[in-house]
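Residue numbers (my numbering): 133 to 423.
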């Protein structure tokens, strides 16, 4: 893989990770169409995702910092309540601290609840995902599915929920939706944002939830690949090639993440839906041309 090819794939990753059109699907399609050989490098794949992960931290750093602070405060309250329960004088009226008392605290727990089904589906479906990425027809079909999801998400009315209004069951459903988005062609951002709107989330909160939810998913996938990364033995020159792709992913990812918020707010996801229909049809047709 050349530096230009790495930058091209990084650009594709950055744009399609946040635009609701599936990064994995587009990477699989372009690698098959243009015969770009990444050597199935786990390191390169992880570095591209690190580039997009940096963008999420950059755009939502205030929210992320607040979530971390509230998480540790919740742990503190849990330890306080446990200590109180063990040492209290039963003759006294002891008051416990309420754990979930702010929107951010509910947000923290919802992210955890949503991450669990995603992690399980991603771990047990790794082989299926690898096989699906080796062909054009699976990403093509999945892109058509993404198009349908986006088309219906624009039609959802009465989107008003903020964290305190969201049920734990809805958090699980969104995590399952993100789990299915590990298939190439099923957009992670498009599927999770749509799942949020189907559950009645306020649209700006749906976008924020989707992108912050990607953090544990990406970090978890990277941790699972650490062993494979260590055994690859990447040369310094190849690492530079990979770094060029990572920087491209971050730059174009920033442009994409800023675009999505406005698109979702104005309920214009249908334009990406039309794109997914076209890209999916071309990918399916391409399966029979390139073989």
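For every residue, glycine included, the Cβ atom is placed at its ideal position computed from N, Cα and C.
Local Cβ density within 10 Å of residue 169, reported as buried at 16 or more and exposed below that:
It counts as exposed.
Taking only three categories from DSSP, how would you classify residue 340?
In the structure shown, residue 340 sits in a helix (DSSP, three-state: H, G or I).
C-beta contact flag for residue 373 and residue 153 at 8 Å
By the CB criterion at 8 Å, residue 373 and residue 153 fall outside the cutoff.
Report yes if the CB atom of residue 316 is closer than 8 Å to the CB atom of residue 271, and no otherwise.
The criterion of a C-beta distance shorter than 8 Å is satisfied by residue 316 and residue 271.
Hey, out of 198, 333, 399, 354, whose CA is closest to residue 306's CA?
The candidate whose alpha carbon is nearest that of residue 306 is 333.
So for residue 227, helix, strand or coil by DSSP?
Here residue 227 sits in coil by DSSP.
Note down the Cα distance separating residue 267 from residue 418, rounded to an integer number of angstroms.
Those two C-alpha atoms are separated by around 10 Å.
Along the alpha helix (DSSP H) that carries residue 284, what are the first and last residues, could you check?
Taken as a continuous stretch (DSSP letters only), the alpha helix (DSSP H) holding residue 284 covers 269-285.
Enclosing alpha helix (DSSP H) for residue 381 [first to last residue]:
Its alpha helix (DSSP H) spans residues 368-397.
Close Cβ partners of residue 298 (< 8 Å) along its chain, the five nearest in sequence each way excluded
Only residues of its own chain outside the window of five on either side were considered, and among them 238, 242, 331, 333 have a CB closer than 8 Å to the CB of residue 298, listed in chain order.
Can you check whether the CB of residue 384 is closer than 8 Å to the CB of residue 146?
The answer is yes: Cβ separation under 8 Å.
Quick test of the definition: if touching needs 3 or more C-beta pairs under 8 Å, does the region 277-292 touch the region 179-198?
Fewer than three Cβ pairs drawn from the region 277-292 and the region 179-198 lie within less than 8 Å of each other, which leaves the two stretches out of contact.
Neighbourhood of residue 160 by C-beta distance below 7 Å, restricted to the same chain and skipping five residues each side
Non-local C-beta neighbours of residue 160 in its own chain, meaning closer than 7 Å and more than five positions away in sequence, comprise 265, 271, 316, ordered along the chain.
Identity of the residue in 322, 138, 252 nearest residue 173 by Cα
For residue 173, the closest alpha carbon among the candidates 322, 138, 252 is that of 138.
With 16 as the cutoff for other CB atoms within 10 Å, does residue 355 come out buried or exposed?
Of the other Cβ atoms in all chains shown, fewer than 16 fall within 10 Å of the Cβ of residue 355; this residue is therefore exposed.
Is residue 302 buried or exposed, if buried means 16 or more other CB atoms sit within 10 Å of its CB?
So residue 302 ends up on the buried side.
Host alpha helix (DSSP H) of residue 181 (start-end):
That run of the alpha helix (DSSP H) goes 174-191.
Taking the DSSP output, what are the residues bridged to residue 293?
333, per the DSSP bridge assignment.
Hey, could you find the ends of the alpha helix (DSSP H) residue 246 is sitting in?
Here the alpha helix (DSSP H) through residue 246 covers 235-256.
On a Cα-Cα basis, can you pick out the residue from 350, 325, 345, 344 that is closest to residue 338?
Closest by alpha carbon: 325.
Cβ distance (whole Å) where residue 415 is taken to contact residue 275 below 8 Å
Confirmed, Cβ separation roughly 6 Å.
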